[in-house]
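What follows is one structure encoded as structure tokens, with my remarks underneath.
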Amino acid sequence: MTTTKLIAGLALGASALATAAAAQDCGSDPVTLNAYFETGFPLPTELATEFTNQYPNVTFDIREDQFANLMENTPRLLSQDGAPDLVRLPSISDLVTNGLLMNLDGYYEDFGWDSFPEGNLVQLRIDESGRPRGVGSLYAMGLNYSTTGVFWNKDLGAEIGLTEAPTTLAELDAAMAAAKEAGIQPIMQWNKETAGLAFPLQNLMGVYGDPEPINAWIFQQEGATIDTPENLEAAEHLEDWIEAGYFPSDANAVDYFTMMSRFTGGEGLFMFNGDWESANLQNSMGSSVGFFLMPPMEEGGRHATMSSPLTFGIGANAANPDCAAFFLDWVATNETAREINVAVGGSNPGGPADMAIPPQEEGSLISQTLAAGQVIGADNGAMDFIANATGAIFAAGWTPELQKMVGGQQDPAGLLADVQEEYEDQLAR
């Protein structure tokens, strides 16, 4: 590494000095990468298996945990000796503030990540103070770049005459009403432990307003607020869906995996989720399942949805940061890794702008989700997740307030006001 890069790395403290001797691979000596992955998502483990196939001296010691536990436990694990070399990150702001993540700027230069579309990296940049996001140094990378939207059961749709995906919000509302009338569960969504209703809520926010103010709030820009007139209309629309019985009556007792089991079992016309489930749903439901982006207010309007990296970082105290960085680069640039990424993850594998996405069968579910990602790119409609605004906003803000809304104990105005208050309290700590 050059002297300039070494000087830049000194700001990270002694733990970052390992980047001064950054190798372009994992060497030939035995290496064990300590990894902390999310339960229920096979992609990282499959990529790790293939990496070991190609580099037999590298093995992975993998621990998996649920997303809620990742949010709670990651700061503690990263602060310890033997911190994860690779860790799935629910949020990066507080971790950067506390010096727990490695600055990746040196690797950005070493591996030539400037050839990657900057739009794929902006959500992973952050000022060293921890805010705002979207500017400053690179502190994480995406294993892939996801797009969220609406999966739909075509067989159930045929029962109410729905043969094409809705193209406006009014058409989506009408399909839900028709499903309810026919005794079909309109939406299968989870809301236990981590609030799955945040998915339809944020999609509605992208219908009633532009994504830029929402990203400003997520990125902790000065003066940003989630409590806006447009977001109030979105929350009121969500409340209408709740009161109409479009969500399961036991939504607050439904976790993510129960939702997936019910949907694949034929319960629910629609499900708000992301393309990381494309391969799973394609295998289990075949041609009976489709995917569409949240439709805009008017046909042909701008699409906006949550589209973000599957975020992984390297612990500031990691024992093998160079090898971990090489793995992140390999995921994005190795042809076999990219094929696994699309086939298993169902998402855009990212990487250099001139690398083609591995082809998929025309009309397949994965081809639909990949095409949807291109629409979001063309419309410049990507939002990060409102759950990622701070390390604790999902657990302490969105989840309890959305659960209260389902239980009839919170209204749309109170939801936004209370989440904004919690957000400001967290930023002030």
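The number in the numbering used here is simply the position in the sequence shown, starting from 1, with 1013 added. The beta carbon of each residue, even a glycine, is placed where N, CA and C say it ideally should be.
> How close, in whole Å, do the beta carbons of Q1373 and I1406 come, if the pair is a contact with beta carbons under 8 Å?
Replying inline: Not confirmed; about 35 Å, so no contact.
> Any idea what DSSP makes of A1248, helix, strand or coil?
Replying inline: Correct three-state label for A1248: helix.
>> For the alpha helix (DSSP H) containing Y1221, name the first residue and the last one.
In response: The continuous alpha helix (DSSP H) containing Y1221 extends over residues 1211 to 1221.
>> Less than 8 Å between the C-beta atoms of A1264 and V1419, yes or no?
In response: With respect to V1419, A1264 sits close: the two C-beta atoms are nearer than 8 Å.
>> Measuring alpha carbon to alpha carbon, tell me which residue in V1220, G1053, P1261, D1168 is nearest E1311.
In response: Measuring from the Cα of E1311, the nearest candidate turns out to be V1220.
>> Taking only three categories from DSSP, how would you classify R1275?
In response: Here R1275 sits in helix by DSSP.
> What do you get for D1168, buried or exposed, if any count of 16 or more other CB atoms within 10 angstroms of its CB means buried?
Replying inline: D1168 should be labelled exposed.
> Below 8 Å between beta carbons: does that hold for L1415 and A1081?
Replying inline: In this structure, L1415 lies away from A1081, with their beta-carbon atoms at least 8 Å apart.
>> Which residue marks the beginning of the beta strand (DSSP E) containing D1078, and which one marks its end?
In response: Counting along the chain, D1078 sits inside the beta strand (DSSP E) bounded by residues 1071 to 1078.
>> Measuring straight from C-alpha to C-alpha, what distance separates Q1295 and I1105?
In response: Just so you know, the alpha carbons of Q1295 and I1105 end up roughly 32 Å apart.
> Between D1288, L1117, Y1049, which lies nearest to S1377 when the distance is taken from Cα to Cα?
Replying inline: Nearest Cα to S1377 within the set D1288, L1117, Y1049: D1288.
>> Which runs of the alpha helix (DSSP H) at least 4 residues long sit entirely within the region 1104 to 1137? Give them in chain order.
In response: 1106 to 1110, 1118 to 1123, 1131 to 1134, all fully within the region 1104 to 1137.
>> Is the beta carbon of D1107 closer than 8 Å to that of G1143?
In response: Cβ distance < 8 Å, so G1143 and D1107 count as in contact.
> Apart from the five residues just before and just after A1171, which ones in its own chain have a Cβ nearer than 7 Å to its Cβ?
Replying inline: Excluding its 5 nearest sequence neighbours in each direction, A1171 has no C-beta neighbour in its own chain below 7 Å.
> Do P1425 and E1252 have their C-beta atoms closer together than 8 Å?
Replying inline: Cβ atoms of P1425 and E1252: closer than 8 Å.
> What residues match up with E1051 in a beta bridge as DSSP calls it?
Replying inline: Beta-bridge pairing links E1051 to D1078.
>> Please state the DSSP three-state secondary structure of W1411.
In response: Of the three classes helix, strand and coil, the one that applies to W1411 here is helix, per DSSP.
>> Which complete beta strand (DSSP E) runs does the region 1153 to 1209 hold, if anything under 3 residues is left out?
In response: Note on the region 1153 to 1209: whole beta strand (DSSP E) runs with a minimum of 3 residues are 1154 to 1158, 1161 to 1166, in chain order.
> What are the boundary residues of the beta strand (DSSP E) that M1284 is part of?
Replying inline: Where M1284 is concerned, the enclosing beta strand (DSSP E) stretches over 1283 to 1287.
>> Looking only at its chain, what residues have a beta carbon closer than 7 Å to the beta carbon of Y1259, apart from the 5 residues adjacent to it on each side?
In response: Excluding residues within five positions, the ones whose Cβ falls inside 7 Å are M1189, K1193, P1199, I1200.
> Should A1096 and A1331 be called a contact, given that it needs their Cβ atoms to be closer than 8 Å?
Replying inline: Yes.
> At what residues does the alpha helix (DSSP H) containing R1351 begin and finish?
Replying inline: Start and end: 1348 to 1353.
>> Distance check for D1140 and V1148, CA to CA, integer angstroms please.
In response: If I take the Cα positions, the gap works out to 6 Å.
>> In the DSSP output, what is A1331 paired with across the bridge?
In response: Bridge pairing for A1331: absent [DSSP].
> What is the DSSP secondary structure of R1442, counted as helix, strand or coil?
Replying inline: Three-state DSSP puts R1442 in coil, outside helix and strand.
> Touch check for the region 1063 to 1072 and the region 1120 to 1139: three-plus C-beta pairs under 8 Å?
Replying inline: The region 1063 to 1072 is not in contact with the region 1120 to 1139.
>> I'd like to check one pair, S1291 with F1398: are the Cβ atoms closer than 8 Å?
In response: Cβ distance not < 8 Å, so F1398 and S1291 don't count as in contact.
>> My assumption, with CB atoms under 8 Å, is that G1053 sits in contact with F1270. Please give the rounded CB distance.
In response: For a cut-off of 8 Å, the C-beta gap from G1053 to F1270 is around 6 Å, short enough to register as a contact.
> Taking the alpha carbon of E1243 as the point to measure from, which residue in L1383, E1063, N1047, L1429 has its own alpha carbon closest?
Replying inline: It is L1429.
>> Going by beta-carbon coordinates alone, are W1165 and F1283 separated by less than 8 Å?
In response: Contact: yes.
>> Within 10 Å of its beta-carbon, does A1035 have 16 or more other beta-carbons around it, so buried, or fewer, so exposed?
In response: Residue confidence for A1035 is low, a pLDDT of 44 falling below 50, so the modelled location carries little weight and cannot support an answer.
>> P1334 and D1098 - do their beta-carbons sit closer together than 8 Å?
In response: Yes, they are a contact pair.
> How would you call P1365, buried or exposed, if buried means at least 16 neighbouring beta carbons within 10 angstroms?
Replying inline: Counting Cβ neighbours within 10 Å, P1365 comes out exposed, since fewer than 16 surround it.
> Would you say T1324 and L1137 are within 8 Å of each other, going by their C-beta atoms?
Replying inline: It is a contact, given that the beta carbons lie within the stated cut-off.
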